[in-house]
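Scroll down for the structure; my scribbles are underneath it.
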Amino acid sequence: MGTYIHFTEDQKQRANSVDLVEFLKMQGETLLSSGREKRLESNHSVTVRGNEWFDHATKEGGLAIDFVQYFYGHTFPDAVTMLLNGEQGIPYTKAKNDQETKKPFKLPPCNNDMRRLFAYLTKHRLIDPEVVSFFVKERLIYESKELTADGLKEYHNAVFVGYDENGVSKHAHKRGLYSEGKGYKGNIDSSNPRYSFHHIGNSNRLYVFEAPIDLLSFITMNKESGWRKHSYLALCGLSEQALFKTLEWNTELTHVVLCLDHDAAGIEACEKIEDMLAEKNKSCSKLQPCFKDWNEDLRAKQNLVAIPSEEHPQHRLKNDLCKEILILVKDMGSMNLGYSDGEDILKQAQINNENQAEAMKLATAVFLCLALKEHRQLGHQMTAEEIIQSMSEQFRAYQNRSRWDSKLSEVYDEFSRIKMSAEAIDEKEVLSYAIGFQKVALILLKSTIKLELLVQKQIQTQSLNMA
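Just so we're aligned, residue 1 is where the sequence shown starts under the working numbering, counting upward by one.
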């Protein structure tokens, strides 16, 4: 039996009260401003504020203990211990009780000219001047003139405005007009996320981007294709709220083209939004930039250095694992596997701690073979390649956030729903078995991916410690 670690209510309360912004900074995480919240640079869908957090991709959130369990994959005792490190010499600040009233939305003051804005967008960001002029004339972009809190220094931002159905400004995204470094970017306090920066045309297509600069870059590269007839939306982050609000009040928009960044966060957001659109029977397609985002593509087109794209580590690993599992499925093709073989292989996967990943790959192959057997009983001419492809297409990285070992309980829950009978059964039951076996295989694949990534991370950490 494992050791039970007891924490007093006071300890749990103090752990849950830790300020996550300071905690993450002390863990070496980089945080980006996003209105009144902070967004993780390593995972743009996650925002923190005080001792609270929220993942906009999975719609999960909570307090400090939940966050450490979720983000670092720790058990409850380990999460509390990590947050209570203050008792061992690293004091984390308790989050302040945020009683301040919400500020009303207000656009920053406009500068008397837009010289800096045009220079930044056309020279540094390479946006076509005619495209910039169009959005400026539509009052969608302007240059602000603001003062620092002490009133001693003046600074300027590009402001990208979002309007509601009645033409009232409800959202604004600011971008610092400086060519050196990353520069400031973020949404203005009290912006309504349902009304971010957009242009509505008269066709049925809506192109969706993460940031206004990406949107303008895409239009610049497609300027000669009659771009104004289409609609364009910048989420100003990864939340889907603006997309669904735009579709709600522009019913002529029947096809969505997702043009999010070519990195892990963009790929996960794409998966999530695709699934949500499918649930609403909305037509959807994807366009991925060749480089990290559309402005990097624009830079590359001008023969300038561009930041490369980043494939999702889970998808890279999934592709490799599917190739290995396909070989195992083909090798098992002549074996007469049954329900009891599924039970046995799950037990082996659970106890085989020395080579856990290999045992789980083998278990995945067994359940795919069981699914193939049921499909063939129904007369479906499904090949090993087809069932592997089907599993691969069902995989979603945004749904694979929890610890690898926590997924084993999902495997047993799903397996327990499959009750095989020795007597004759109808086609509906056979199909349900096939689907059930495929679900078990998919969960095992997800768990194997998380385990392999954990092992890779441990090896990298050991290498760094030895260097």
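Heads up, the beta-carbon is just placed ideally off N, CA and C, and yes, glycines get one too.
The structure displayed is predicted, hence computed values, not measured ones.
For residue i, three-class secondary structure by DSSP
i	result
Cys468	There is no way to answer for residue 468, as the model of the chain reaches only from 1 to 467.
Trp249	helix
Ser334	coil
Thr122	helix
Val455	helix
Val168	coil
Tyr142	strand
Phe481	Residue 481 cannot be examined here, being either before or after the span of the chain that is shown, 1 to 467.
Arg175	strand
Ala468	Any answer about residue 468 is impossible in this case: the structure gives the chain only from 1 up to 467.
Glu87	Residue placement at Glu87 cannot be trusted, given a pLDDT of 44 that sits under 50; the coordinates are not used to answer.
Leu233	strand
Ser17	coil
His56	coil
Cys284	strand
Ala158	strand
Phe218	helix
Anticipated Cβ contact below 8 Å, residue i with residue j, distance rounded
i	j	result
Val132	Phe118	6 Å
Asn236	Ala264	For clarity, residue 236 is Cys in the given sequence; the question names Asn instead. Contact flag wrong, Cβ pair sits at about 19 Å.
Asp214	Asn303	Not confirmed; about 20 Å, so no contact.
Asn157	Lys174	4 Å
His380	Ser309	With a Cβ gap of about 37 Å, His380 and Ser309 do not count as contacting.
Leu444	Met360	5 Å
Lys38	Arg49	7 Å
Met114	Glu146	With 8 Å as the limit, Met114 and Glu146 do not qualify as a contact, their Cβ atoms being about 15 Å apart.
Val329	Leu368	5 Å
Leu317	Lys373	Actually they do not touch by this definition, with Cβ atoms about 27 Å apart.
Ile404	Leu454	Rather than Ile, the amino acid found at residue 404 in this sequence is Trp. Right, their Cβ atoms sit about 6 Å apart.
Nearest neighbour of residue i, chosen from the options [CA to CA]
i	options	result
Cys259	Lys25, Asn250, Glu252 and Leu243	Leu243
Met440	Asn51, Ile127, Glu343 and Met276	In the sequence as presented, Met is not what sits at residue 440; that position holds Val. The residue with the shortest Cα to Cα distance from Val440 is Glu343.
Ala234	Lys223, Ile219, Ser225 and Gly226	Ile219
Cys270	Phe395, Gly62, Gly226 and Asp320	Phe395
Tyr398	Leu408, Glu29, His312 and Phe415	His312
Leu84	Met335, Thr8 and Ile443	Thr8
Glu393	Asp128, Asp275 and Ala365	Asp275
Thr122	Ile325, Ser217 and Gln462	Ser217
Arg205	Lys245, Asn250 and Tyr70	Asn250
Leu126	Val329, Lys301 and Met332	Lys301
Arg194	Lys153, Gln350, Ser239 and Lys223	Ser239
Ser340	Asn281, Leu40 and Phe437	Phe437
Tyr120	Leu177, Lys185 and Tyr163	Leu177
Tyr433	Leu442, Arg417 and Asp297	Arg417
Glu358	Asp297, Ile449, Arg14 and Arg36	Ile449
Arg14	Lys25, Met335 and Val80	Val80
Arg401	Leu24, Val68 and Ser334	Val68
Counted within 10 angstroms of its Cβ, other Cβ atoms place residue i as buried (16 or more) or exposed
i	result
Tyr4	Unreliable positioning characterises Tyr4 in this predicted model, as indicated by a pLDDT of 45, which lies under 50. A coordinate reading is not provided.
Asp426	exposed
Lys106	exposed
Val494	Shown here, the chain extends from 1 to 467; a query on residue 494 therefore has no answer.
Lys428	exposed
Ser283	exposed
Cys110	exposed
Ala371	buried
Val159	buried
Val256	buried
Lys446	buried
Ser231	buried
Ser191	buried
Asn222	exposed
Met466	exposed
Asp331	exposed
Length of the line joining the Cα atoms of residue i and residue j
i	j	result
Leu32	Gly151	24 Å
Asn16	Val46	18 Å
Glu165	Glu29	39 Å
Met382	Val366	16 Å
Leu167	Ile200	What sits at residue 167 in the sequence shown is Gly, not Leu. Going by the C-alpha atoms only, they are around 12 Å apart.
Leu63	Tyr70	11 Å
Gly89	Gln458	Confidence in Gly89 is poor, its pLDDT being 36 and thus under 50, which makes the residue's placement unreliable; the coordinate value appears in the next sentence. Between Gly89 and Gln458, the C-alpha separation is close to 26 Å.
Gln241	Glu248	11 Å
Asn281	Lys245	16 Å
Gly86	Glu52	For Gly86, the pLDDT reaches just 44, beneath the cut-off of 50, and the residue's location in the model is therefore unreliable, leaving the point undetermined.
Phe54	Gln288	26 Å
Gly162	Phe197	4 Å
Phe291	Ile307	6 Å
Ile325	Asp189	50 Å
Asp10	Asp66	17 Å
Glu138	Pro108	17 Å
Arg376	Glu354	35 Å
Phe76	Tyr412	22 Å
His315	Ala384	20 Å
Asn187	Lys103	13 Å
Min CB distance residue i to chain C below 9 Å
i	result
Phe197	Among the chains of the structure shown, chain C does not appear; only one protein chain is present.
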